[in-house]
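Participant: Structure in structure tokens, see below.
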Amino acid sequence: MATQIYKSPNRFLFIASIGNPAPYTETRHSAGHLLLDALQPHLHERIGLSTPGTSSSSKTLSKSIFYSTWKSPSLMNISGPPVLRQLKSWLSDRRKYFDTLLLNNKNTTAASEQSSNDMQLLKSSSSEPITVDTRVLAQRFRPTLVILHDELEAKPGQIKIRRGGPQQASLRGHKGLISIMESLRGAGLLSSSSPSVSATTTGAKSATSTTSMAILRIGIGIGRPTSRERNAVADYVLSKMGPQEMQALTQAVPEVVEALVQEMYRRDEDEV
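Taking our numbering, the leading residue of the sequence shown gets 3, the next gets one more, and so forth.
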């Protein structure tokens, strides 16, 4: 039976956007949510997991393993607890998935035969399930928490990318980011010295119970009002984005997608 070969990413992304719920979903402070809406279809098409002639359904099966997207339902300033809960749930689900693969394929010899530095997924040309080099897959479970947020000061549509927590790059007073970092620190998921931190879950030992989690912050510029007065800034960020601002956000999507793809295929030696 013919097979198609897929190059696998090196990292697994949990992409979380933060903002405010209704009636503020289209405001500048919710630019992270709007950015996520705009980039999702482009990200799906951009990830290089497929070979020519692959059906869209098989691509979906492959890609869903490597990244998940999620919108925080909370108010911006208390984003931390819900982001942490969802992140921990995602980490647990992925580990259980990989552990099940390891258990079901414990006699495989594929890992020992893997000579390439790039793990590969094998997908049959029919509707057969995906088969993977499961031991290599589990060993390479390296998650990245990606946070999409609004960026005050930066001009509309300008992208600001920062790696790690506040020790690596200032949070610039962003209360949503501050809340997330406080929650991560409380859970032992925020390192004070490195962009990556060991993410460990309690329970039975598994091949994927301890991993190196990276943090990637992607801000989308929303500009700033002329006045620096606190109430003026609050009114500005809670005001609806105009057509030109939305156009600028949409035009920024390719840059964000490329940053996510680069993170997905980034190797550990590229860590900074």
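We treat Cβ as the ideally placed atom computed from N, Cα and C, and that holds for glycine. Note that the structure is a prediction, hence the values are computed from the model and not measured.
Touching or not, the segment 238 to 245 and the segment 166 to 186, by the rule of three or more beta carbon pairs under 8 Å?
Facilitator: Put simply, the segment 238 to 245 does not touch the segment 166 to 186. Fewer than three CB pairs are less than 8 Å apart.
Participant: Looking at the strands, I want to know which residues DSSP matches up with MET183.
Facilitator: For the purposes of this step, residue 183 is taken as residue 181 along the sequence shown, with counting starting at 1. Looking at the DSSP output, MET183 sits in no beta bridge, so it has no partner there.
Participant: How is PHE14 classed by DSSP in three states: helix, strand or coil?
Facilitator: Counting from one through the sequence shown, the residue named residue 14 turns up at place 12. Reduced to three states, the DSSP call for PHE14 is strand.
Participant: For LEU309 versus LEU251, is the C-beta distance shorter than 9 Å?
Facilitator: No statement about residue 309 is possible, as the shown extent of the chain runs from 3 to 274 and does not include it.
Participant: Determine contact between the segment 30 to 48 and the segment 90 to 103, defined as no fewer than three beta-carbon pairs at a distance below 8 Å.
Facilitator: no
Participant: Looking at LEU147: is its Cβ nearer than 9 Å to the Cβ of ALA236?
Facilitator: As a first step, residue 147 must be located in the sequence shown, where it is residue number 145. As a first step, residue 236 must be located in the sequence shown, where it is residue number 234. No.
Participant: Leaving aside the five residues before and after ARG48 along the sequence, list all residues of the same chain whose C-beta is less than 6 Å from its C-beta, in chain order.
Facilitator: Against the sequence shown, residue 48 aligns to sequence position 46. Cβ within range, chain order: VAL259, VAL263.
Participant: If contacts are defined as beta-carbon pairs under 8 Å, then LEU77 and LEU186 qualify, I think. What distance do you get, rounded to the angstrom?
Facilitator: Indexing the sequence shown from 1 puts residue 77 at position 75. Indexing the sequence shown from 1 puts residue 186 at position 184. 18 Å between Cβ atoms; not a contact.
Participant: Determine the closest residue to GLY178 out of ILE67, PRO227, PRO11, PRO83, with distance taken between C-alpha atoms.
Facilitator: Numbered from 1 along the sequence shown, position 176 holds the residue referred to as residue 178. Nearest option by C-alpha distance: PRO83.
Participant: Can you find the residues in the same chain that come closer than 7 Å, C-beta to C-beta, to PRO43, ignoring five residues on each side of it along the sequence?
Facilitator: As a first step, residue 43 must be located in the sequence shown, where it is residue number 41. Excluding the 5 residues flanking it on each side, PRO43 has no same chain C-beta neighbour closer than 7 Å.
Participant: Taking DSSP as the reference, what is the three-state secondary structure of ILE149?
Facilitator: Here residue 149 refers to the residue found at position 147 when the sequence shown is read from its first residue. ILE149 falls in the strand class under three-state DSSP.
Participant: If you draw a straight line from the C-alpha of ASN233 to the C-alpha of SER214, how long is it?
Facilitator: What you label residue 233 is simply residue 231 of the sequence shown in a count that begins at 1. What you label residue 214 is simply residue 212 of the sequence shown in a count that begins at 1. Their backbone Cα atoms lie some 41 Å apart in a straight line.
Participant: From what residue to what residue does the alpha helix (DSSP H) around ARG48 run?
Facilitator: Numbered from 1 along the sequence shown, position 46 holds the residue referred to as residue 48. Its alpha helix (DSSP H) spans residues 33 to 48.
Participant: For HIS151, which of LEU218, PHE16, ILE222 has the nearest alpha-carbon?
Facilitator: The residue labelled residue 151 in the question sits at position 149 within the sequence shown. That would be ILE222, whose Cα lies nearest to the Cα of HIS151.
Participant: Is ARG219 helix, strand or coil by DSSP?
Facilitator: Within the sequence shown, residue 219 is the residue found at index 217, counting from 1. Note: ARG219 maps to strand in three-state DSSP.
Participant: What residue range does the alpha helix (DSSP H) around THR252 cover?
Facilitator: Locating residue 252 in the sequence shown gives position 250, where the first residue counts as 1. Residues 245 to 253.
Participant: Do you know offhand how far GLU184's Cα is from GLN88's?
Facilitator: Sequence index remark: in the sequence shown, residue 184 carries index 182 (1-based). Sequence index remark: in the sequence shown, residue 88 carries index 86 (1-based). Their Cα atoms are separated by approximately 15 Å.
Participant: If the criterion is Cβ atoms closer than 9 Å, does the pair ILE220 and ILE163 meet it?
Facilitator: Stepping through the sequence shown from its first residue, residue 220 is reached at position 218. Stepping through the sequence shown from its first residue, residue 163 is reached at position 161. Yes.
Participant: Assuming contact is defined by CB atoms lying nearer than 9 Å, are ILE224 and ILE20 in contact in what I supplied?
Facilitator: Counting from one through the sequence shown, the residue named residue 224 turns up at place 222. Counting from one through the sequence shown, the residue named residue 20 turns up at place 18. Not a contact, by the Cβ cut-off of 9 Å.
Participant: Taking PHE14 and TYR69 to be in contact with their CB atoms under 8 Å, please state how far apart those CB atoms are, rounded to whole angstroms.
Facilitator: Numbered from its first residue, the sequence shown carries residue 14 at position 12. Numbered from its first residue, the sequence shown carries residue 69 at position 67. Correct: roughly 7 Å between the Cβ atoms.
Participant: By Cβ distance below 6 Å, which residues in the same chain neighbour LYS73 in space, the five residues on each side in sequence not counted?
Facilitator: Within the sequence shown, numbered from 1, the residue matching residue 73 stands at position 71. Cβ neighbours of LYS73 beyond the five flanking positions: SER19, HIS35.
Participant: Going by beta carbon distance, what residues of the same chain come within less than 6 Å of SER81, once the five residues before and after it are set aside?
Facilitator: On the sequence shown, position 79 is the one that residue 81 refers to. These residues qualify, in order along the chain: ILE20, SER74, GLY178, SER181, ILE182.
Participant: Output needed for ALA189: all residues of its chain with C-beta closer than 8 Å, excluding positions within five of it in sequence on either side, in chain order.
Facilitator: Taking the sequence shown and counting its residues from 1, the one referred to as residue 189 is at position 187. Answer for ALA189: LEU86, LYS90, listed in chain order.
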